[in-house]
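Asks: Encoded as structure tokens, here's the structure I'll be asking about.
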Ligand SMILES: Cc1cc2nc3c(=O)[nH]c(=O)nc-3n(C[C@H](O)[C@H](O)[C@H](O)COP(=O)(O)OP(=O)(O)OC[C@H]3O[C@@H](n4cnc5c(N)ncnc54)[C@H](O)[C@@H]3O)c2cc1C
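In my numbering, the protein residues as written are 5 to 427.
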């Protein structure tokens, strides 16, 4: 019988374990999932909490209940992985031997790594919406914030869902307009990137959307200090942005146990992984997906979902003695909430940047366009998350490989041409 241990019972660990359980009978494989708590959070919903559009009780479910019958679920922090012994050591002292290890322990927030961030003013005028407690505290603060300078700051990349801070800006614009105080609130987005987003077509479109809404964009700002008492962000090159209220996306690392596990991770605690097969570079029997994996695509639930399909196929091939050559193309997609009950959908992979057109084929949701239909898609996604994605079912018409049909490649040519002529 194969022994498969899955580290992490979040998005990736749950969907991978459920897919593996379907692939193997109880007598073919023993599957264990380990997590440090029993609180599964639908993280995309955190965006809506500060604006009173979602509540914590809608976003949290017990982890164990998302797993199919026949999967052992252990609530026990991981202490370390001993690759040489093929064993996981848990904080309780228990040791789990494995034939295949799946690492899905995500990314952790590291606010303490930025000088001043968790000092004076933290959770009073400096907040994050990237965890439950922060999102809830920010909701209380926004209820009575009706004048002043609000800045949204990404400290450094990589972060989970790189569009979420932009969505926060768009929703803040909507929120203050609805309350009739937009002219008294200034909004600024402060990013270490050289534009609103990483990819040129989307970056120029999203940058334009910030400008249309009167949201100031400050680029190439590497935050060295957050001075909560003085209301200042200070960059390493000594630029300053002042604020009355700061919404900060802190630095992200991999899980701490990864750095305690010799040979498993890089210096940030992410797991170097083959970007196509999802097999880790640490050992042939170790695979990784989701935010924990160091691969060159966004840290997003959609990515985790598409990776899951390929990872499970490759685990099966590996255990059958075949070459694990199922191929992940870096497919990612994301509904970007833009306020006023509209959203924009982007779809891309390692080689193709977000382009206009339709998804998943020439008839489907509009890409790179703000529409009410996409907003409904964003809201409906929560249902798909609990009922389709986590149980490891396929979403009809949506597959791991990025669809080509429906994409307007002329937009790509336009960017290439303008880049060629740029000085
Ligand atoms: C505000 C916000 C908005 C987002 N919006 C979107 C969106 O619109 N679309 C989208 O696709 N994605 C979005 N995401 C990103 C998405 O939620 C993540 O990319 C996805 O959940 C990653 O799944 P994962 O399994 O890698 O990590 P997670 O789901 O975070 O799971 C990791 C698990 O590992 C466990 N763990 C860590 N360390 C240990 C340890 N030492 N011992 C035991 N267990 C441990 C954790 O408890 C956790 O359960 C958003 C994220 C945030 C924060």
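Ideal Cβ placement from N, Cα and C applies to all residues, glycine included.
Starting from residue 370, trace the beta strand (DSSP E) both ways and give me its first and last residue.
Replies: It spans 369-371 - the beta strand (DSSP E) in which residue 370 sits, taken as one unbroken run.
Asks: Taking only heavy atoms of ligand 1 into account, decide whether any of them is closer than 7 angstroms to the Cβ of residue 47.
Replies: Under cutoff, so the answer is yes.
Asks: What separation, rounded to the nearest whole angstrom, lies between the Cα atoms of residue 93 and residue 299?
Replies: About 26 angstroms.
Asks: Quick check on residue 285: does DSSP put it in helix, strand or coil?
Replies: Residue 285 falls in the coil class under three-state DSSP.
Asks: For ligand 1, is there a heavy atom less than 7 angstroms away from the beta-carbon of residue 306?
Replies: For ligand 1, at least one heavy atom lies less than 7 angstroms from the Cβ of residue 306.
Asks: Kindly indicate the opening and closing residues of the beta strand (DSSP E) around residue 101.
Replies: From DSSP, the beta strand (DSSP E) with residue 101 extends over 99-101.
Asks: Is it right to say residue 95 is buried, meaning 16 or more other beta carbons lie within 10 angstroms of its own, or is it exposed?
Replies: Exposed.
Asks: Rounded to whole angstroms, what's the CA-CA distance from residue 348 to residue 375? Just pull it up for me.
Replies: Distance between the alpha carbons of residue 348 and residue 375: 6 angstroms.
Asks: Quick one, which of 357, 85, 306, 332 has its alpha-carbon nearest residue 396's?
Replies: Measuring from the Cα of residue 396, the nearest candidate turns out to be 306.
Asks: Rounded C-beta distance between residue 167 and residue 194? I'm assuming under 8 angstroms.
Replies: Not a contact, Cβ separation roughly 16 angstroms.
Asks: In whole angstroms, what separates the C-alpha of residue 6 from that of residue 15?
Replies: Distance between the alpha carbons of residue 6 and residue 15: 23 angstroms.
Asks: Can you tell me whether residue 21 is buried or exposed? The criterion is at least 16 other CB atoms within 10 Å of its CB, across all chains shown.
Replies: Label assigned to residue 21: buried.
Asks: May I ask which residues mark the beginning and end of the beta strand (DSSP E) holding residue 273?
Replies: That residue, residue 273, is in no beta strand (DSSP E); it is neither H nor E in DSSP.
Asks: Pull up the distance between the alpha-carbon of residue 338 and that of residue 351, whole angstroms please.
Replies: Spanning the two alpha carbons is a distance of roughly 7 angstroms.
Asks: Candidates 229, 56, 178: which alpha carbon is nearest residue 118's?
Replies: Of 229, 56, 178, the residue nearest in Cα terms is 229.
Asks: Can residue 62 and residue 74 be called in contact, C-beta distance under 8 angstroms?
Replies: Their beta carbons are not under 8 angstroms apart, which means residue 62 does not touch residue 74 by this criterion.
Asks: Whole angstroms is fine: what's the gap from residue 106's alpha carbon to residue 186's?
Replies: If you take the alpha carbons of residue 106 and residue 186, they lie about 47 angstroms apart.
Asks: Out of 103, 265, 79, 66, which one is the CA nearest neighbour of residue 323?
Replies: Of the listed residues, the one whose Cα sits closest to residue 323 is 103.
Asks: Is it buried or exposed, residue 403, if we count other Cβ atoms within 10 angstroms and call 16 or more buried?
Replies: Residue 403 is exposed by the Cβ-count criterion.
Asks: Does the distance between the C-beta of residue 50 and the nearest non-hydrogen atom of ligand 1 fall short of 7 angstroms?
Replies: Residue 50: yes, Cβ under 7 angstroms from ligand 1.
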